[in-house]
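In what follows, a single structure is set out as structure tokens and then discussed.
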Amino acid sequence: MLRLSLGAKFTLGTIVAIALAFMYIPLFLVVINSFSAARLSSWPIAEFSTIWWEKAFVSEPIRAALLNSVIVGLGATVIALILGTLVAFALQRYTFFGKQTVNLLVVLPIALPGIVTGVALNNTYNQVLEPIGIEVGYFGMIIAHGTFCIVMVFNNVLARLRRINPSIEEASRDLGATPLQTFRLVTFPQFRSAFVAGAILAFALSFDEVVVTIFTAPPGVDTLPLWIMNQMARPNEASLVNVVATVVILASFIPVWVSQRLARGADERE
5 MLRLSLGAKF TLGTIVAIAL AFMYIPLFLV VINSFSAARL SSWPIAEFST
55 IWWEKAFVSE PIRAALLNSV IVGLGATVIA LILGTLVAFA LQRYTFFGKQ
105 TVNLLVVLPI ALPGIVTGVA LNNTYNQVLE PIGIEVGYFG MIIAHGTFCI
155 VMVFNNVLAR LRRINPSIEE ASRDLGATPL QTFRLVTFPQ FRSAFVAGAI
205 LAFALSFDEV VVTIFTAPPG VDTLPLWIMN QMARPNEASL VNVVATVVIL
255 ASFIPVWVSQ RLARGADERE
């Protein structure tokens, strides 16, 4: 086991503390400013109030943006669960020509810059599909988010499938269970936590996506991140933006925390 000297531990700890402070202090300021009575963000806070939370709660544009974010996130998650799980099973259980290429193509969307994905899909929708009479509209935004959300499910399920002992499934079939019964009673319970964790991460990734949304959202349709970006040019809306940004922070933090707990619980059971 590698042992660090006291000086090395102190140096490493200081670097980690600075990095964490650099990442999370700005988020903390956003959350604190959402409870400021002032119209403009400031520090220190002169007076605390929940007035902006009350206004955000009754704001129709914010409600509509939140609903759009939830609908798109759920739709993208469903696509990711179906396709990500099927591809994971195909790559883990079968050998075929081009297997590594398929693996690369599935993972590639998460590595591509969002603006590249957005431009590519925008061109496809406007220059290929619309001229032949196919209007993707709202569903096109869901498909766009699903392209990169698939990776979340795929990686989680594939990693868990690689750790499943195939002899358990063989024993189930030997005892007379049908393939569907084996999957429902034996296989699925073994990768269920990875399946759920992948779904949660996919939803969180879709919920706070903005770049791809800019290029694929129908006219007049905003998600919460898109609403935030549009309001940044209006200084008088800064306090409302802080409230919505706080909601997005919580919506991103909670799914990640839950997915980590699920993965840890599965590891402990093994």
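Per the numbering used here, the very first residue in the sequence shown carries number 5; after that it's consecutive. Just so you know, even glycine gets a beta-carbon here, dropped at the ideal spot from N, CA and C. Computed from a predicted model, the values in this text were never measured in an experiment.
Can you grab the Cα-Cα spacing for the pair residue i / residue j, in whole Å?
i, j, result
"ILE29", "ALA68", "30 angstroms"
"SER210", "SER197", "20 angstroms"
"ARG167", "GLN96", "11 angstroms"
"ALA94", "LYS103", "9 angstroms"
"ILE147", "ILE136", "19 angstroms"
"PHE207", "LEU87", "15 angstroms"
"TYR142", "THR191", "35 angstroms"
"GLN235", "ALA242", "8 angstroms"
"ARG1", "ASN246", "Since the first and last residues shown for the chain are 5 and 274, residue 1 lies out of range."
"VAL34", "VAL248", "10 angstroms"
"THR107", "MET27", "In the sequence as displayed, the identity of residue 107 is Asn instead of Thr. If I take the Cα positions, the gap works out to 32 angstroms."
"THR81", "ALA12", "43 angstroms"
"ASN159", "ILE49", "43 angstroms"
"PHE187", "THR99", "20 angstroms"
"TRP47", "PHE39", "12 angstroms"
"PHE61", "LEU31", "21 angstroms"
"SER175", "PHE199", "Reading the sequence as shown, one finds Ala at residue 175 and not Ser. The straight-line gap from Cα to Cα measures roughly 23 angstroms."
"LEU24", "VAL157", "28 angstroms"
"ARG238", "ILE232", "10 angstroms"
"LEU85", "ILE114", "16 angstroms"
"CYS182", "SER171", "Contrary to the premise, residue 182 reads as Thr rather than Cys in this sequence. Each residue's alpha carbon lies about 15 angstroms from the other."
"ASN130", "PRO117", "20 angstroms"
"PHE138", "PRO222", "Before going on, a small fix: residue 138 reads as Ile here, not Phe. C-alpha separation (whole angstroms): 14 angstroms."
"ILE204", "VAL262", "8 angstroms"
What is the residue span of the alpha helix (DSSP H) that residue i lies within?
i, result
"VAL216", "215-220"
"GLN131", "Element bounds for GLN131: n/a, residue is neither H nor E."
"TYR142", "141-165"
"ILE138", "Element bounds for ILE138: n/a, residue is neither H nor E."
"SER197", "192-211"
"PRO229", "228-235"
Run through DSSP, which three-state label would residue i get?
i, result
"PHE257", "helix"
"SER38", "coil"
"PHE52", "strand"
"VAL245", "helix"
"THR1", "The question about residue 1 has no answer, for the chain in this structure spans 5 to 274."
"ILE22", "helix"
"ARG43", "coil"
"ASN169", "coil"
"SER176", "helix"
"VAL225", "coil"
"SER275", "Residue 275 lies beyond the stretch modelled for the chain, which goes from 5 to 274, so this question has no answer here."
"ARG280", "The question about residue 280 has no answer here: the residues shown for the chain are numbered 5 through 274."
Rounded to whole angstroms, how far is the Cβ of residue i from the Cβ of residue j, which I believe are closer than 8 angstroms?
i, j, result
"VAL215", "ILE119", "5 angstroms"
"LEU244", "LYS59", "6 angstroms"
"THR89", "VAL161", "5 angstroms"
"THR227", "SER53", "Wrong, their Cβ atoms sit about 27 angstroms apart, outside the cutoff."
"ASN126", "THR220", "6 angstroms"
"ILE218", "GLY122", "6 angstroms"
Hey, which unbroken runs of the alpha helix (DSSP H) at 4 residues or more fall wholly within the stretch 87-124? 103-115
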